[in-house]
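*Asks:* Just so we're aligned: 52 in this note's numbering is position 49 of the sequence shown, and the numbers increase by one with no gaps anywhere. Beta carbons are placed, not taken as given, at the ideal position from N, Cα and C, and that holds for glycine. Model, not experiment: these values are computed from the prediction.
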Amino acid sequence: MFKQLSLSWLGSLAQHHRWILGSCYLVVMQLTVNILQTTVKTWAQLDWWDIAGEGGAALLVYAWFLMLVVSRPAGKVTNLFAAGFLLLFVGMFQDALDEVLVMKNQHALHNFLESLTLPVGMLLLTFGMYCWRNEQRVIAHQLKKREQIFRSHTSVDGVTQVHRTSYLKKYLALLDRQAPSQKPHSLVLIDICNFSTINRKHGASEGDRLLLALVELLILNLREQDLICRYAGDRFAILLAETSSKGARDIAQDLLSVVAAFAFHTRNGTRCKIRGRAAIACTTDTELSQLMEKAGVRLKVAKASGQEIVWEDVAGLSTESVAV
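1) Identify the continuous alpha helix (DSSP H) that holds Lys172 and give its terminal residues.
2) I'd like the list of long-range same chain contacts for Ser248, defined as Cβ closer than 7 angstroms, with 5 residues on each side in sequence excluded.
3) Rounded to whole angstroms, what is the Cα-Cα separation between Trp67 and Phe88?
4) Do Phe198 and Leu221 have their CB atoms nearer than 8 angstroms?
5) Looking at the strands, I want to know which residues DSSP matches up with Arg280.
6) With 16 other CB atoms within 10 Å as the buried threshold, where does Lys6 fall?
7) Would you report the Cα separation of Ser169 and Pro187, rounded to the nearest angstrom?
8) State the CB to CB distance for the pair Val165 and Cys232, rounded to an integer number of angstroms; the pair is presumed to be in contact (CB under 8 angstroms).
9) Going by C-alpha to C-alpha distance, which of Glu138, Arg278, Asp253, Arg270 sits closest to Ala264?
10) I need the straight-line Cα distance from Arg167 to Ala235, nearest angstrom please.
11) Please report the residue range of the alpha helix (DSSP H) in which His20 lies.
12) Flag this pair as yes or no: are the beta carbons of Thr269 and Glu209 separated by less than 8 angstroms?
13) Using 10 angstroms around the beta-carbon of Ile195, count the other beta-carbons present and answer buried if the total reaches 16, otherwise exposed.
14) Is Tyr133 buried or exposed, if buried means 16 or more other CB atoms sit within 10 Å of its CB?
15) Going by CA-CA distance only, name the one from Val103, Ala281, Gln293 that's closest to Ala307.
16) By DSSP, does Leu294 sit in helix, in strand, or in coil?
17) By alpha-carbon positions, which one of Leu104, Leu223, His19 ends up nearest to Val262?
18) What is the rounded straight-line gap between the Cα of Ser324 and the Cα of Leu302?
19) Kindly indicate which three-state DSSP category His268 falls into: helix, strand or coil?
20) With three or more C-beta pairs closer than 8 angstroms as the rule, is the region 115-131 touching the region 67-77?
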């Protein structure tokens with residue numbers, strides 16, 4: 004894990020090597036100008052609290068700069084943030100140097116480093132924030148079917164890049180606390196029937212690739228208000244907001260048709276076909292907080308009975324009588 008993280012950071016730093024080298028060049032030039040134009044203060048003139056405060060602030064701003072280039076791809080917004088943070092760093096670093104050095108003569112470059120870098124850096128950061136806001140609006144629209152009301156990166160599944168069950172539970176609890184909807188909500192659970200066979204034949208990495216590709220395919224066939232999460236293993240939960248049981252059955256049937264038509268190709272070119280089954284729970288006969296449990300029971304019924312879709316309780320079959 005640490006090795007993968009280190010490689011990821013190194014790759015990001017390599018992508019932004021011009022910014023890294025540029026920041027080093029700025030620091031060298033700034034130190035050179037100060038060394039040529041200043042003398043060191045006497046020990047009695049040094050204020051260590053000011054040195055620690057201003058020097059520490061400068062180091063923190065440079066740390067923000069490094070975290071930015073590690074975590075963002077190249078682009079206009081990244082460039083604005085990087086330039087803004089660097090100018091802030093230069094200005095704060097100059098303030099820290101002034102606590103240690105005394106200017107022999109006033110120099111235009113020194114005045115620029117001390118007076119203009121901070122406001123110019125803040126202007127760049129402000130414009131960068133404006134562009135970042137527009138960028139986030141586009142990203143939020145792209146993620147609409149992966150997250151609805153709130154964002155929580157800690158619950159994102161690493162394989163499929165959609166949220167795990169914990170996010171869905173929080174979302175259902177949030178809906179339950181809101182004013183009751185005039186229209187019912189439905190939950191669809193989709194299970195990939197022969198996924199274990201593909202995993203066994205071609206390996207877990209190919210299975211992960213299949214799940215990721217399948218999620219993207221399912222998202223393309225969902226509405227904007229729908230939410231898809233990874234339920235467990237090869238199962239996915241899809242919350243259909245303001246959708247009746249009949250509407251949910253139609254959507255589930257469409258999704259199963261998409262799954263059946265999906266042809267996955269492994270890295271060595273092997274073509275794999277999959278099929279799925281589904282279960283549906285609706286708030287017309289189930290409490291919102293019990294949707295996942297009810298749909299889970301019906302998915303077990305579908306597996307035991309061989310049905311493609313189960314949307315209502317089957318007589319003679321219960322949680323106790325159906326094998327997992």
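*Replies:* Concretely, from the data shown:
1) One-based indexing of the sequence shown puts residue 172 at position 169. Run containing Lys172: 168-180, per the alpha helix (DSSP H) assignment.
2) Along the sequence shown, one-based indexing puts residue 248 at 245. These residues qualify, in order along the chain: Ser189, Ile283, Cys285, Thr287, Trp314.
3) For this step, residue 67 is matched to residue 64 along the sequence shown. For this step, residue 88 is matched to residue 85 along the sequence shown. In a straight line, the C-alpha of Trp67 is about 7 angstroms away from that of Phe88.
4) The count along the sequence shown starts at 1 and reaches residue 198 at position 195. The count along the sequence shown starts at 1 and reaches residue 221 at position 218. No. Outside cutoff.
5) Taking the sequence shown and counting its residues from 1, one reaches residue 280 at position 277. In DSSP, Arg280 forms a bridge with Asp194.
6) In the sequence shown, residue 6 corresponds to position 3, counting from 1. For Lys6, the pLDDT reaches just 46, beneath the cut-off of 50, and the residue's location in the model is therefore unreliable, leaving the point undetermined.
7) To locate residue 169, count along the sequence shown from 1; it is residue 166. To locate residue 187, count along the sequence shown from 1; it is residue 184. In a straight line, the C-alpha of Ser169 is about 22 angstroms away from that of Pro187.
8) Locating residue 165 in the sequence shown gives position 162, where the first residue counts as 1. Locating residue 232 in the sequence shown gives position 229, where the first residue counts as 1. So it is a contact: roughly 6 angstroms between Cβ atoms.
9) By 1-based counting over the sequence shown, the position of residue 264 is 261. Looking at the Cα atoms, Arg278 is the closest of the given residues.
10) Position 164 of the sequence shown, counting from 1, holds the residue named residue 167. Position 232 of the sequence shown, counting from 1, holds the residue named residue 235. In a straight line, the C-alpha of Arg167 is about 8 angstroms away from that of Ala235.
11) The sequence position of residue 20 within the sequence shown is 17, counting from 1. His20 -> alpha helix (DSSP H) spans 20-40.
12) In the sequence shown, counting from the first residue as 1, residue 269 sits at position 266. In the sequence shown, counting from the first residue as 1, residue 209 sits at position 206. Taking 8 angstroms as the Cβ cut-off, Thr269 and Glu209 qualify as a contacting pair.
13) Sequence index remark: in the sequence shown, residue 195 carries index 192 (1-based). It counts as buried.
14) Sequence index remark: in the sequence shown, residue 133 carries index 130 (1-based). Per the 10 Å Cβ criterion, exposed.
15) Start at 1 with the first residue of the sequence shown, and residue 307 comes out as number 304. Closest option to Ala307, Cα to Cα, is Ala281.
16) Your numbering for residue 294 matches position 291 in the sequence shown. DSSP places Leu294 in helix when its eight states are reduced to three.
17) For the purposes of this step, residue 262 is taken as residue 259 along the sequence shown, with counting starting at 1. Answer by Cα proximity: Leu223.
18) What you label residue 324 is simply residue 321 of the sequence shown in a count that begins at 1. What you label residue 302 is simply residue 299 of the sequence shown in a count that begins at 1. For Ser324, the predicted model reports a pLDDT of 36, less than 50, meaning its position is unreliable; a value from the coordinates is still stated below. For Ser324 and Leu302, the distance between alpha carbons rounds to 13 angstroms.
19) Start at 1 with the first residue of the sequence shown, and residue 268 comes out as number 265. Looking at His268 - three-state DSSP - the assignment turns out to be strand.
20) no
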